[in-house]
Amino acid sequence: MAKERVDVLVIGSGAAGAATTKRLADRGLKVVCLEQGDWVKPHEYPSTRPDWEIQLRRGAFHFNPNVRRRPEDYPVVTRGTHPPDVLMFNAVGGSTIHWTGHFPRLHPSDFRVRSLDGVADDWPIGYQDLEPYYDQNDREMGVSGLAGDPANPSRAQRPTPPLPIGVLGETIGRAFDKLGWHWWVSDNAIISQPYQDRPACDLHGKCMFGCPIGAKASTDVTYWPKALRQGALLKTRARVREIAVDRAGRAAGAIYYDREGKLREQLARVVVLSANGIGTPRLLLNSKSGLFPNGLANSSGLVGKRFMVHPFRFIEGVFEARMDGHNGPFGIPAFSQEFYETDLKRGFLRGYMFQLERSFGPLHHAWGSFVGKPIPWGLEHHSAMRRRFPHVIRLTVLGEDLPEEQNRVELDPEAKDSSGIPAPRVIYGYSENSLKMLEHAQRSAVHVLEAAGAVEILDSGVIQPAFHLLGTARMGSDPKRSVVNAWNQAHDVKNLFIVDGSCFTTSAAVNPTSTIGALALRCADGIWDRRSEWT
Amino acid sequence: MANRRWTRRKFLEASSGTAALITFVQPAASAVFTAPERETLAAAMDEIIPAADDMPGASTMGGLDYLERIVTQVPGLTEQFRTGLATLDSESRKQLQQSFANLPRTARVEILTAMERNLAPDFFRALRDFIYEAYYTRPEIWQRLGYESHLTDHAGPLMKPFDETVLAQVRTRGKLYRETT
Numbered sequence: 001m002a003k004e005r006v007d008v009l010v011i012g013s014g015a016a017g018a019a020t021t022k023r024l025a026d027r028g029l030k031v032v033c034l035e036q037g038d039w040v041k042p043h044e045y046p047s048t049r050p051d052w053e054i055q056l057r058r059g060a061f062h063f064n065p066n067v068r069r070r071p072e073d074y075p076v077v078t079r080g081t082h083p084p085d086v087l088m089f090n091a092v093g094g095s096t097i098h099w100t101g102h103f104p105r106l107h108p109s110d111f112r113v114r115s116l117d118g119v120a121d122d123w124p125i126g127y128q129d130l131e132p133y134y135d136q137n138d139r140e141m142g143v144s145g146l147a148g149d150p151a152n153p154s155r156a157q158r159p160t161p162p163l164p165i166g167v168l169g170e171t172i173g174r175a176f177d178k179l180g181w182h183w184w185v186s187d188n189a190i191i192s193q194p195y196q197d198r199p200a201c202d203l204h205g206k207c208m209f210g211c212p213i214g215a216k217a218s219t220d221v222t223y224w225p226k227a228l229r230q231g232a233l234l235k236t237r238a239r240v241r242e243i244a245v246d247r248a249g250r251a252a253g254a255i256y257y258d259r260e261g262k263l264r265e266q267l268a269r270v271v272v273l274s275a276n277g278i279g280t281p282r283l284l285l286n287s288k289s290g291l292f293p294n295g296l297a298n299s300s301g302l303v304g305k306r307f308m309v310h311p312f313r314f315i316e317g318v319f320e321a322r323m324d325g326h327n328g329p330f331g332i333p334a335f336s337q338e339f340y341e342t343d344l345k346r347g348f349l350r351g352y353m354f355q356l357e358r359s360f361g362p363l364h365h366a367w368g369s370f371v372g373k374p375i376p377w378g379l380e381h382h383s384a385m386r387r388r389f390p391h392v393i394r395l396t397v398l399g400e401d402l403p404e405e406q407n408r409v410e411l412d413p414e415a416k417d418s419s420g421i422p423a424p425r426v427i428y429g430y431s432e433n434s435l436k437m438l439e440h441a442q443r444s445a446v447h448v449l450e451a452a453g454a455v456e457i458l459d460s461g462v463i464q465p466a467f468h469l470l471g472t473a474r475m476g477s478d479p480k481r482s483v484v485n486a487w488n489q490a491h492d493v494k495n496l497f498i499v500d501g502s503c504f505t506t507s508a509a510v511n512p513t514s515t516i517g518a519l520a521l522r523c524a525d526g527i528w529d530r531r532s533e534w535t
Numbered sequence: 001m002a003n004r005r006w007t008r009r010k011f012l013e014a015s016s017g018t019a020a021l022i023t024f025v026q027p028a029a030s031a032v033f034t035a036p037e038r039e040t041l042a043a044a045m046d047e048i049i050p051a052a053d054d055m056p057g058a059s060t061m062g063g064l065d066y067l068e069r070i071v072t073q074v075p076g077l078t079e080q081f082r083t084g085l086a087t088l089d090s091e092s093r094k095q096l097q098q099s100f101a102n103l104p105r106t107a108r109v110e111i112l113t114a115m116e117r118n119l120a121p122d123f124f125r126a127l128r129d130f131i132y133e134a135y136y137t138r139p140e141i142w143q144r145l146g147y148e149s150h151l152t153d154h155a156g157p158l159m160k161p162f163d164e165t166v167l168a169q170v171r172t173r174g175k176l177y178r179e180t181t
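The listed protein sequences correspond, in order, to chains A and B.
No gaps in the numbering here: position 35 of the first sequence is 35 in the numbering used here, and each next residue is one more.
No gaps in the numbering here: position 46 of the second sequence is 46 in the numbering used here, and each next residue is one more.
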């Protein structure tokens with residue numbers, strides 16, 4: 001087989017890989033992307049079937065690869081005092097296939113946590129550096145929302161207006177107002193009006209089980225069709241074993257298994273790694289060589305270290321009136337950042353946000369919903385069910401996770417994927433700061449739910465950490481204390497770029513996907529601006 | 001907590017209450033469970049989710065068949081159910097000299113409660129959750145519950161468009177974030 005050297009090889013086709021590929025293909029570069037999953041066909045989504053809720057427990061669309069066990073998945077071993085429930089998806093679009101679409105941005109202060117609050121580290125970039133890329137990513141993904149939120153820097157008018165917030169949004173909004181607390185209608189990467197060949201959201205809900213109409217922005221329906229039209233090449237079921245290096249210590253390309261399990265090599269002038277906060281350190285640690293005995297780009301020893309997931313807690317209020325949480329897009333009609341910025345009087349550093357969330361259907365409620373409180377069985381069952389469904393408002397607490405050395409991703413000595421590639425092991429425990437924050441958040445949540453008229457409160461307690469995979473190849477200016485620089489360029493390997501959740505210096509207290517997309521677009525511009533160095 | 005044992009006297013008290021022995025159509029044997037196992041399972045289903053408040057019991061309207069289909073699809077579940085149903089029945093015979101299905105309803109509830117609390121909590125949880133699944137995945141149950149599922153290949157619900165005026169109060173607040181350079 002002829003070994004063509006392409007301009008750029010991108011590993012992973014999710015939120016970051018898709019954005020980087022499209023941006024560089026727009027410039028006329030020859031880009032190849034390797035993705036270990038397949039395209040998901042709209043009719044395969046379980047959200048069209050009456051038993052869609054069973055995917056919360058088992059099946060090919062379960063969020064956790066250890067449960068789902070598709071051939072393209074890899075196992076993730078979990079350990080520690082709070083072993084995480086690892087959620088990710090391997091397909092064209094990556095984990096945007098099953099995300100909720102919530103699209104907040106980091107605050108300016110999130111980039112300056114050392115300077116402002118004396119913890120963790122500042123990012124080597126600021127909000128202003130990322131702002132134009134946030135805007136660009138909003139336009140590419142398609143966003144609904146409303147500009148003017150006093151808790152965030154002003155931003156351009158959203159590409160489409162806000163989605164309906166429903167009875168539950170209006171109810172909780174009045175309660176936030178009553179307490180004088182901040183709230184705002186959310187930015188979601190779900191379009192409320194037709195936008196760029198995509199139809200408006202039809203308010204089905206069930207977004208986490210795939211949006212077959214394409215109103216939710218998974219990158220298989222946003223960036224990818226455009227990238228392919230621009231000539232990018234996407235190879236599916238291509239599972240990368242390692243990033244190859246040449247004698248000079250530069251990235252030469254990747255060695256991967258194709259659909260038939262045959263080992264192949266893809267050569268490139270520049271390699272971009274976007275395999276998520278667990279997959280990325282796994283691949284770097286698996287790319288050992290004489291020049292890089294501790295794994296690629298790991299002279300700092302920080303590859304895999306400082307893994308962050310966001311402390312979460314769910315608090316539900318039960319109301320006498322119907323809240324109809326099963327109607328409308330699943331994720332985040334509204335949010336509150338009243339407790340986002342640091343206030344030392346609260347007894348912890350940094351902050352958290354409340355997300356108002358909708359709910360799944362009757363089965364998930366019967367099973368205990370997010371709070372793990374099943375509807376009782378027996379004679380009381382039907383009346384208890386009718387009291388709770390559909391009468392619940394859920395507030396999800398999303399707190400900032402501070403980076404800690406002992407929270408980490410490493411290679412498991414035994415577990416392997418179906419190609420024999422060593423699997424990752426994640427070790428994680430909540431910090432004291434996170435636990436204090438979650439207690440404070442619980443009290444505030446109860447306060448606002450009661451102000452809204454809740455007759456009963458259901459609390460998940462401290463739950464197994466889950467959702468966002470961050471921090472394992474951190475950005476920084478000092479090569480001894482970080483893995484990539486301000487342009488996502490590996491300090492140790494000049495033609496290797498790492499952009500996804502792993503490059504986050506700190507986690508902030510917002511969902512990361514809009515920032516991942518913005519960083520990827522900015523990284524692509526950095527690669528383009530330095531093209532004389534690789535072409 | 002202590003495992004409450006049944007006495008002959010208590011049994012008589014229970015069976016003289018509101019729930020007399022309930023007769024129902026005996027489920028036929030199938031590929032998965034024997035006829036007595038199906039009978040035990042159906043009786044347990046109708047105690048976990050009983051026919052009440054205008055809602056049907058869990059074993060009816062295809063619920064039993066759904067559950068039987070599902071246990072073969074989840075690795076290990078058929079065995080767990082077979083063992084659990086045997087425990088349910090043997091406890092009933094040991095304590096009350098009757099098969100579980102032949103017990104009066106209050107007695108069935110006592111036995112199930114003992115299963116849940118200490119005899120077989122893992123099995124009980126699986127039993128309860130799969131009965132809930134068999135019940136709440138069926139459109140005929142949704143209809144009675146008043147749940148419109150809006151599956152994604154059907155039309156979505158009608159919702160009131162967002163009204164900006166609800167944000168009037170919060171708009172009056174000053175800047176709530178910290179500026180940086």
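All residues carry an ideal CB built from backbone N, CA and C; glycine is no exception.
Note that the coordinates shown come from a computational prediction; the quantities given were computed from them, not determined experimentally.
With respect to the 8 Å criterion, residue 203/A and residue 329/A are classified as neighbours on the basis of their beta carbons. One alpha carbon belongs to residue 516/A, the other to residue 186/A, and they sit about 18 Å apart.
Of all alpha-carbon atoms in 401/A, 3/A, 307/A, the one lying nearest the alpha-carbon of residue 510/A is that of 401/A.
Within 8 Å of the CB of residue 184/A, the CB atoms of chain B belong to 167, 170, in sequence order along the chain. Residue contact with chain A for residue 109/B: present (Cβ-Cβ distance below 8 Å to some residue of chain A). Taking every protein chain shown into account, the CB of residue 156/B has 16 or more other CB atoms within 10 angstroms, so this residue is buried. In this structure, DSSP gives residue 195/A an extended state, which the three-state scheme calls strand.
Taking C-beta separations shorter than 7 Å and ignoring five residues to either side along the sequence, the partners of residue 361/A in its chain run 53, 326, following chain order. With respect to the C-alpha of residue 193/A, the residue from 162/A, 290/A, 140/A having the closest C-alpha is 162/A. Taking 8 Å as the cut-off, the Cβ atoms of residue 189/A and residue 206/A do not count as close.
Between residue 66/A and chain B, the shortest Cβ-Cβ separation is not below 8 Å. Under a 10 Å Cβ-count criterion, residue 260/A is classified as exposed, with fewer than 16 other Cβ atoms of the shown protein chains found around its own Cβ.
Taking C-beta atoms under 8 Å as the contact rule, residue 254/A and residue 9/A qualify, at a distance of about 6 Å.
Counting C-beta atoms within 10 angstroms of its own C-beta, residue 132/A has fewer than 16 neighbours from the protein chains shown and is therefore classed as exposed. Looking at the DSSP output, residue 102/A sits in a beta bridge with 188/A.
Under a 10 Å Cβ-count criterion, residue 460/A is classified as buried, with 16 or more other Cβ atoms of the shown protein chains found around its own Cβ. Counting the other Cβ atoms within 10 Å of the Cβ of residue 321/A gives fewer than 16, which makes it exposed. Secondary structure at residue 78/A: strand, using DSSP grouped into helix, strand and coil. Burial is judged here by how many other beta carbons sit within 10 angstroms of a residue's own beta carbon; residue 118/B has fewer than 16 and is exposed.
Going by DSSP, residue 113/B is part of the alpha helix (DSSP H) stretching over 105 to 114.
Chain B places a beta carbon closer than 8 Å to that of residue 112/A, counting this residue as a contact.
For residue 84/A and residue 76/A, the gap between their C-alpha atoms comes out near 10 Å. For residue 475/A, DSSP records a beta bridge to 484/A. Neighbours of residue 127/A across chain B, judged by C-beta separation under 8 Å: 180.
Between the alpha carbons of residue 145/A and residue 265/A lies a gap of roughly 44 Å. With its beta carbon less than 8 Å from one in chain B, residue 377/A belongs to the interface.
When the five nearest sequence neighbours on each side are left out, the beta carbons in the same chain lying within less than 7 Å of the beta carbon of residue 353/A are those of 335, 336, 337, 340, 398, 509, 510, in order along the chain. Judged by pairs of C-beta atoms under 8 Å, the segment 83 to 100 of chain B touches the segment 35 to 51 of chain B, as three or more such pairs exist. Between residue 160/B and chain A, the shortest Cβ-Cβ separation is below 8 Å. Residue 212/A is bridged by DSSP to nothing; it lacks a bridge partner. Cα atoms of residue 303/A and residue 473/A: separation of roughly 5 Å, rounded to the nearest angstrom. The alpha-carbon of residue 21/A is positioned some 29 Å away from that of residue 153/A.
In the DSSP assignment, residue 356/A falls within the beta strand (DSSP E) that extends over 352 to 357. For residue 455/A, there is no enclosing alpha helix (DSSP H), as DSSP gives it neither H nor E. Pairing residue 69/B with residue 77/B, the inter-Cα distance amounts to about 11 Å. By the neighbour-count criterion, in which a residue is buried when 16 or more other Cβ atoms sit within 10 angstroms of its Cβ, residue 359/A is buried.
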